[in-house]
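Engineer: Residue numbers (the numbering used here), protein chains in the order written: chain B, 1153 to 1477; chain U, 1153 to 1477.
Heads up, the beta-carbon is just placed ideally off N, CA and C, and yes, glycines get one too.
Number of protein chains: 2
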Amino acid sequence: MKLASLKSGRDGRLIVVSDDLSSYLEVDDIIPTLQMALENWENVEPKLRDRYASLCSDPKATAKKFDATLCAAPLPRAYHWVDGSVYLNHMKLVRQSRGAKMPDSFLEEPLVYQGGSDILIGAREPILADDESWGIDLEAEIAVITDDVPAGTSANEAPQHIKLVLIANDISLRNLIPGELSKGFGFYQSKPPTSFSPVAVTPDALGDAWDGTKLHGAVNVSINGQKLGNPDAGTDMYFDFAQLIEHVTKTRPLGSGTIIGSGTISNEDRSRGSCCLAEVRTIETIETGSPKTPYMSFGDKVAIDMFDAFGNSIFGKIEQVVQRR
Amino acid sequence: MKLASLKSGRDGRLIVVSDDLSSYLEVDDIIPTLQMALENWENVEPKLRDRYASLCSDPKATAKKFDATLCAAPLPRAYHWVDGSVYLNHMKLVRQSRGAKMPDSFLEEPLVYQGGSDILIGAREPILADDESWGIDLEAEIAVITDDVPAGTSANEAPQHIKLVLIANDISLRNLIPGELSKGFGFYQSKPPTSFSPVAVTPDALGDAWDGTKLHGAVNVSINGQKLGNPDAGTDMYFDFAQLIEHVTKTRPLGSGTIIGSGTISNEDRSRGSCCLAEVRTIETIETGSPKTPYMSFGDKVAIDMFDAFGNSIFGKIEQVVQRR
């Protein structure tokens, strides 16, 4: 089943979207928002699946044309957005670029930070910044959305709590990071609102691409139409989403609608490119002594997309233009 | 005006509470939850004030007896909880205790971290932990709740966005902090759910104690009935709430219902004691070479309270017992 939220109020208006993202059906009579659906998932999911089945069996008769530009983020605001950094290749390279050392525990437990969740932006909304000198960068990631997860959930128990999978662009202001991290309390100003793919997908609808704890497949990232990378999200993911859930529930429960991110996808195989400019710049520095590729400028356009075996977009494309606020 | 949320569902049930916290009136006919009230503040506030006025003028005729044990946190979950550390005396002492250095920028801009907001706990709910060896500590703080605040809000424009003031107990797991902060991404496991005073108060109802950007008055903290401290919240607050708002909106807007904390209150005058055990232990280490006071044990009871000129509790007492989960 595929779900999206049309722009409407603070929480959007939930719809079910056809597998090929061509059409949608309203579900207002079942539940108005995705947040409410997640809070009542056991009860609501079968009804949403019935609606989805009727959409799939007869996409043209009753459905409306799906238009990703009318979508907010699947959760336009959330109570919890926690983002990991579980692709060690990315961790290694980006730390090298800012002269930071790898945490001693990087092989034993996932690294996470708590992100801003009160304002999450749609896949086609602009990336707003006051100043290009902030070092505006993208980060293509996989994310999952959970129901209520008790404190102390083990990695074995975790997969059942993953209700939806989607793509995130965890926008980062690179030049604000060193000053902020040197203070010791983590990111805040350096992480403006994150954007998400128009569509969130239930794990079963991902077929073999979802193995219960990881999503497999190439994540295609470009800037201004130029390919930046197409690494496989299932390759070199050192900690999976089940291990992330175990980590983030060690001392607290998660409320329904928690979004958990993987951190920037990165493969050891350099021919697969990168999912953020910081990594590109680090590789340039390693290879040539200095970074050549600038961070993003006003007017630049980022695109992030994943395709199924038939070449259809799975989650819909994230496509954002950087704009002066 | 004083507001509280009775325990009910995920978001509580908003009520108006009398100035002396003796009685309350329901407001379901106006708005069901505090989150919704904040989203529609301009429209809803006058109606809530009318209800509050009728409660104050005739507290016994129609009102019900207020009981803080029936209260959730004023916002039982929020989309944004950002906590500062703006009492430099505390920053200095606690860093000394964990062998960390003061950030270079500590006098130029506030230090903040993004806390978990999906589950916030009521003033009389237990502090749950699996293990005493985590180093369970309290942190008595002042917090404010805002409406929608645009990105780039200046300290001058900020005070108008402060709709409510309350007290927080930002529970910290001290022995998890060094490992977590050494990874560079800030707190996560070391900050389990925060608790809040039963009652949140509009700035005007605080009289002279609220100067537009700071709350003045002694915050009384005890453990098992033994006084830990009574520092003045308005003394030695190096950055005020307006400056905090300017800082946290530099690169992103705040959604309605954002809670901003001051960090542990701390006065330079040591006769005023401390608002957390980490500070007590640091002072012991400075004075005697080693910490004497342990962190909290299962069964310990924390109390935090502030009183008006008549000796009435302003926000209601936070009173929590540490329990094994």
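Any idea if K1379 (chain B) is buried or exposed, counting beta-carbon neighbours within 10 angstroms, 16 or more meaning buried?
Structural biologist: Stepping through the first sequence from its first residue, residue 1379 (chain B) is reached at position 227. With fewer than 16 Cβ atoms within 10 Å of its Cβ, K1379 (chain B) is classed as exposed.
Engineer: Could you list which residues in chain B have their beta carbon closer than 8 Å to that of G1338 (chain U), in chain order?
Structural biologist: For the purposes of this step, residue 1338 (chain U) is taken as residue 186 along the second sequence, with counting starting at 1. In chain order: Y1265, Q1266, G1336, F1337, G1338 and F1339.
Engineer: Give me the Cα-Cα distance between P1355 (chain U) and A1252 (chain B), rounded to the nearest whole angstrom.
Structural biologist: Counting from one through the second sequence, the residue named residue 1355 (chain U) turns up at place 203. Counting from one through the first sequence, the residue named residue 1252 (chain B) turns up at place 100. Spanning the two alpha carbons is a distance of roughly 43 Å.
Engineer: Considering only their Cβ atoms, is the gap separating P1350 (chain U) from A1215 (chain U) smaller than 7 Å?
Structural biologist: Counting from one through the second sequence, the residue named residue 1215 (chain U) turns up at place 63. Counting from one through the second sequence, the residue named residue 1350 (chain U) turns up at place 198. No; because the gap between Cβ atoms is not below 7 Å, this pair is not in contact.
Engineer: Please compile the residues from chain U whose C-beta is within a distance smaller than 7 Å of the C-beta of Y1447 (chain B).
Structural biologist: For the purposes of this step, residue 1447 (chain B) is identified with residue 295 of the first sequence, where counting begins at 1. What Y1447 (chain B) touches in chain U: nothing, since even the nearest Cβ is about 14 Å away.
Engineer: So is P1255 (chain B) in contact with chain U if we call contact Cβ pairs under 7 Å?
Structural biologist: Residue 1255 (chain B) sits at position 103 when you count from the first residue of the first sequence. Yes, P1255 (chain B) counts as interfacial toward chain U.
Engineer: Provide the residue(s) that pair with G1274 (chain U) in DSSP beta bridges, ordered along the chain.
Structural biologist: Numbered from 1 along the second sequence, position 122 holds the residue referred to as residue 1274 (chain U). Paired residues: none, contrary to the question.
Engineer: If you follow the beta strand (DSSP E) that W1233 (chain U) is part of, which residue opens it and which one closes it?
Structural biologist: Reading the second sequence from its first residue, position 81 is the one you call residue 1233 (chain U). From DSSP, the beta strand (DSSP E) with W1233 (chain U) extends over W1233 to G1236.
Engineer: Return helix, strand or coil for M1389 (chain B), following the three-state DSSP convention.
Structural biologist: Translated into positions along the first sequence, residue 1389 (chain B) becomes position 237. M1389 (chain B): strand per DSSP, three-state reduction.
Engineer: Between the stretch 1406–1418 of chain U and chain B, which residues of the former have CB atoms less than 7 Å from a CB of the latter, in chain order?
Structural biologist: Residues passing the 7 Å Cβ filter: L1406, G1407 and T1410.
Engineer: Since Y1239 (chain U) sits in a beta bridge, which residues does DSSP pair it with?
Structural biologist: Position 87 of the second sequence, counted from the first residue, corresponds to residue 1239 (chain U). Per DSSP, U:M1389.
Engineer: Could you tell me the alpha carbon to alpha carbon distance between K1154 (chain B) and V1196 (chain B), rounded to whole angstroms?
Structural biologist: Taking the first sequence and counting its residues from 1, the one referred to as residue 1154 (chain B) is at position 2. Taking the first sequence and counting its residues from 1, the one referred to as residue 1196 (chain B) is at position 44. Looking at the two C-alpha atoms, the distance is approximately 14 Å.
Engineer: So R1326 (chain U) and Q1472 (chain U) are supposed to be a Cβ contact under 8 Å. How far apart are they, rounded?
Structural biologist: Within the second sequence, the letter at position 174 stands for residue 1326 (chain U). Within the second sequence, the letter at position 320 stands for residue 1472 (chain U). No, R1326 (chain U) and Q1472 (chain U) are not in contact; Cβ-Cβ is about 17 Å, not under 8 Å.
Engineer: Taking 7 Å as the cut-off, decide whether the C-beta atoms of L1263 (chain B) and F1339 (chain U) are in contact.
Structural biologist: Residue mapping note: residue 1263 (chain B) aligns to position 111 of the first sequence, counting from 1. Residue mapping note: residue 1339 (chain U) aligns to position 187 of the second sequence, counting from 1. Not closer than 7 Å, so no.
Engineer: As a quick exercise: from U:A1455, U:P1443 and U:L1406, pick the residue whose alpha carbon is nearest that of P1302 (chain U).
Structural biologist: Within the second sequence, residue 1302 (chain U) is the residue found at index 150, counting from 1. Comparing Cα-Cα distances from P1302 (chain U) to each of U:A1455, U:P1443 and U:L1406, the minimum goes to U:L1406.
Engineer: Does the distance from the C-beta atom of V1246 (chain U) to that of I1412 (chain U) stay below 7 Å?
Structural biologist: What you label residue 1246 (chain U) is simply residue 94 of the second sequence in a count that begins at 1. What you label residue 1412 (chain U) is simply residue 260 of the second sequence in a count that begins at 1. Taking 7 Å as the Cβ cut-off, V1246 (chain U) and I1412 (chain U) do not qualify as a contacting pair.
Engineer: Please tell me whether D1270 (chain U) has its Cβ less than 7 Å away from any Cβ of chain B.
Structural biologist: Taking the first residue of the second sequence as 1, we reach residue 1270 (chain U) at position 118. Yes, because at least one Cβ of chain B sits closer than 7 Å to the Cβ of D1270 (chain U).
Engineer: When you compare only the Cα positions, how much space is there between W1362 (chain B) and H1368 (chain B)?
Structural biologist: Your numbering for residue 1362 (chain B) matches position 210 in the first sequence. Your numbering for residue 1368 (chain B) matches position 216 in the first sequence. Cα-Cα distance, rounded: 6 Å.
Engineer: Rounded to the nearest angstrom, what separates K1469 (chain U) and D1163 (chain U) at their Cα positions?
Structural biologist: Translated into positions along the second sequence, residue 1469 (chain U) becomes position 317. Translated into positions along the second sequence, residue 1163 (chain U) becomes position 11. Their backbone Cα atoms lie some 21 Å apart in a straight line.
Engineer: Please state the DSSP three-state secondary structure of V1351 (chain U).
Structural biologist: Reading the second sequence from its first residue, position 199 is the one you call residue 1351 (chain U). Strand at V1351 (chain U).
Engineer: What are the complete alpha helix (DSSP H) segments, minimum 4 residues, inside the stretch 1297–1342 of chain U?
Structural biologist: You should have 1329–1334.
Engineer: Are any of the Cβ atoms in chain B nearer than 7 Å to that of L1186 (chain U)?
Structural biologist: For the purposes of this step, residue 1186 (chain U) is taken as the residue at position 34 of the second sequence. Chain B contact via Cβ: absent.
Engineer: For the candidate residues B:S1426, B:I1167 and B:Y1176, whose alpha-carbon lies nearest to that of I1183 (chain B)?
Structural biologist: Here residue 1183 (chain B) is taken as the residue at index 31 of the first sequence, counted from 1. Answer by Cα proximity: B:I1167.
Engineer: Ordered along the chain, which non-local residues of its own chain (more than five positions away) have a Cβ less than 6 Å from that of L1259 (chain B)?
Structural biologist: For the purposes of this step, residue 1259 (chain B) is taken as the residue at position 107 of the first sequence. Same-chain partners within the cutoff: there are none.
Engineer: Is it buried or exposed for N1372 (chain B), if we count other Cβ within 10 angstroms and need 16 for buried?
Structural biologist: Here residue 1372 (chain B) corresponds to residue number 220 of the first sequence, with the count starting at 1. N1372 (chain B) should be labelled buried.
Engineer: Rounding to the nearest angstrom, what Cα-Cα distance links G1267 (chain U) and I1271 (chain B) in this structure?
Structural biologist: Counting from one through the second sequence, the residue named residue 1267 (chain U) turns up at place 115. Counting from one through the first sequence, the residue named residue 1271 (chain B) turns up at place 119. Distance between the alpha carbons of G1267 (chain U) and I1271 (chain B): 15 Å.
Engineer: Assess contact between the stretch 1191–1210 of chain U and the stretch 1227–1245 of chain U, defined as three or more Cβ pairs (one per stretch) separated by less than 8 Å. Is contact present?
Structural biologist: The stretch 1191–1210 of chain U is not in contact with the stretch 1227–1245 of chain U.
Engineer: Just the chain U side, please: which residues come within less than 8 Å of E1191 (chain B) by C-beta, in chain order?
Structural biologist: To locate residue 1191 (chain B), count along the first sequence from 1; it is residue 39. Those are R1162, listed as they occur along chain U.
Engineer: Measure the CB-CB distance between A1156 (chain U) and V1169 (chain U) and report whether it falls below 7 Å.
Structural biologist: Here residue 1156 (chain U) refers to the residue found at position 4 of the second sequence. Here residue 1169 (chain U) refers to the residue found at position 17 of the second sequence. Their beta carbons are under 7 Å apart, which means A1156 (chain U) touches V1169 (chain U) by this criterion.
Engineer: So that I know if they touch, is there some Cβ in chain B lying closer than 7 Å to that of T1403 (chain U)?
Structural biologist: As a working note, residue 1403 (chain U) is residue 251 in the second sequence. By this cut-off, T1403 (chain U) is an interface position.
Engineer: In its own chain, which residues sit with a C-beta less than 7 Å from the C-beta of G1415 (chain B), not counting the 5 before and 5 after it?
Structural biologist: Residue mapping note: residue 1415 (chain B) aligns to position 263 of the first sequence, counting from 1. Correct list, in chain order: D1235, G1236, S1237, V1238, Y1239, H1242 and E1293.
Engineer: So N1478 (chain U) is in the beta strand (DSSP E); what residue range does that whole segment cover?
Structural biologist: Here chain U has residues from 1153 to 1477 only, and residue 1478 (chain U) is not among them.
Engineer: Which class does A1295 (chain B) belong to by DSSP, given the choice of helix, strand or coil?
Structural biologist: On the first sequence, residue 1295 (chain B) is found 143 positions in, with the first residue counted as 1. Three-state DSSP puts A1295 (chain B) in a strand.
Engineer: Just to confirm the assignment, what range does the alpha helix (DSSP H) spanning E1197 (chain B) have?
Structural biologist: Taking the first sequence and counting its residues from 1, one reaches residue 1197 (chain B) at position 45. It spans W1193 to S1209 - the alpha helix (DSSP H) in which E1197 (chain B) sits, taken as one unbroken run.
Engineer: So which residues on chain B does P1345 (chain U) lean against when the C-beta distance must stay under 7 Å?
Structural biologist: As a first step, residue 1345 (chain U) is located in the second sequence; it is residue number 193 there, counting from the start. Simply R1404.
Engineer: Flag this pair as yes or no: are the beta carbons of T1346 (chain B) and D1322 (chain B) separated by less than 7 Å?
Structural biologist: Locating residue 1346 (chain B) in the first sequence gives position 194, counting from the first residue. Locating residue 1322 (chain B) in the first sequence gives position 170, counting from the first residue. In this structure, D1322 (chain B) lies closer than 7 Å to T1346 (chain B) by Cβ.
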